[in-house]
Amino acid sequence: MPLVVVNTHAHYDHFFGNAVFAEYGVTEFWAHQNCAEEIEQRGNLQRQQVATLEPEMSGAKGACTELVVPNAIVKDQPVLVDLGGITATLFFLGRGHTDGDLLVGTPTTLYVGDLVEQGAHPSFEDSYPEEWAVALRHISALRHRYEFLIPGHGQPCSDEFVKTMANTMSTAVRQARQSIRDTPNDATKAIPVLPYGPEQSRFFIQRLQETWR
Ligand SMILES: [Zn+2]
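Shown next as structure tokens:
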């Protein structure tokens, strides 16, 4: 069977490897529309993230360092991909960790990208915190269909883990909103009350303000 690649979202640690797969003959790269657009328009800006770790990738010099933009696009409707006796369902639950998080469901396993991270605080840089909490509740509601849930980083997760992550995020949204209302001139006052590390809390507040509905 031909190899197929899915990019769960447009963060460098999830799509910089595409050229390696292309080298091995992959021609079908799936992603959500917003993810593909982000990679095409601003993917190169993320090269600076690997300046020390991967200087060749950072400088776009050397084998397999070109960016491969996904060419098989998922929008709001789920897409079924035949893997030869097994069907993978690619679907979008709305904005969350980014504006283009794609999930992959197989008969046994749900891959959720960075919508769920185990072993680290969630990354809020490009997130929509309120909508992310809703997406996590969707994942939790779907969880019974799958034996395993594979996060974007860390170990496979239980339903309890996803529920806790959803509740923590909803609580954080309420706390941060209250804090921003109390001291509108200094939203950073909310940082110590939030359940995330200082850096991620700063991003959380910034994104909450930018995406306020
Ligand atoms: Zn990510």
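Residue 104 in the numbering used here sits at position 115 of the sequence shown; the count goes up by one each step and never skips.
Heads up, the beta-carbon is just placed ideally off N, CA and C, and yes, glycines get one too.
All of these numbers come straight from a predicted model, not from anything done at the bench.
Rounded to whole angstroms, what is the Cα-Cα separation between residue i and residue j?
i: P145; j: T95; result: 15 angstroms
i: Q232; j: H0; result: Given a span of -10 to 202 for the chain in the structure shown, any question on residue 232 remains unanswerable.
i: Q30; j: G108; result: 31 angstroms
i: Y185; j: E199; result: 19 angstroms
i: V57; j: E114; result: 23 angstroms
i: A61; j: E26; result: 12 angstroms
i: M46; j: S190; result: 30 angstroms
i: D175; j: H21; result: 36 angstroms
i: G74; j: V15; result: 19 angstroms
i: L72; j: T(-3); result: 17 angstroms
i: S112; j: A52; result: 30 angstroms
DSSP state of residue i, grouped into three classes?
i: I62; result: strand
i: L34; result: helix
i: W201; result: coil
Is residue i near ligand 1 - that is, is its Cβ less than 7 angstroms away from at least one heavy atom of it?
i: S116; result: no
i: D103; result: yes
i: H133; result: no
i: H0; result: yes
i: G186; result: no
i: G14; result: no
i: G143; result: no
i: H3; result: yes
Out of the options, point me to the one whose CA is closest to residue i's CA.
i: V182; options: T172, Q164, E119 and Q189; result: Q164
i: E120; options: P(-9), T78, W201 and C24; result: W201
i: V(-7); options: G6, E188 and E17; result: E17
i: T153; options: R126, H142, P140 and P173; result: R126
i: P187; options: H110, G85 and V(-5); result: H110
i: E12; options: W19, T160 and E55; result: E55
i: D148; options: P(-9), A130 and G141; result: A130
i: D88; options: D103, T76, T78 and T97; result: D103
Exercise for the section: Any chance you could list the alpha helix (DSSP H) runs of at least 4 consecutive residues sitting entirely within the stretch 137 to 180, in chain order? Expected result: Whole alpha helix (DSSP H) segments, 4+ residues: 148 to 171.
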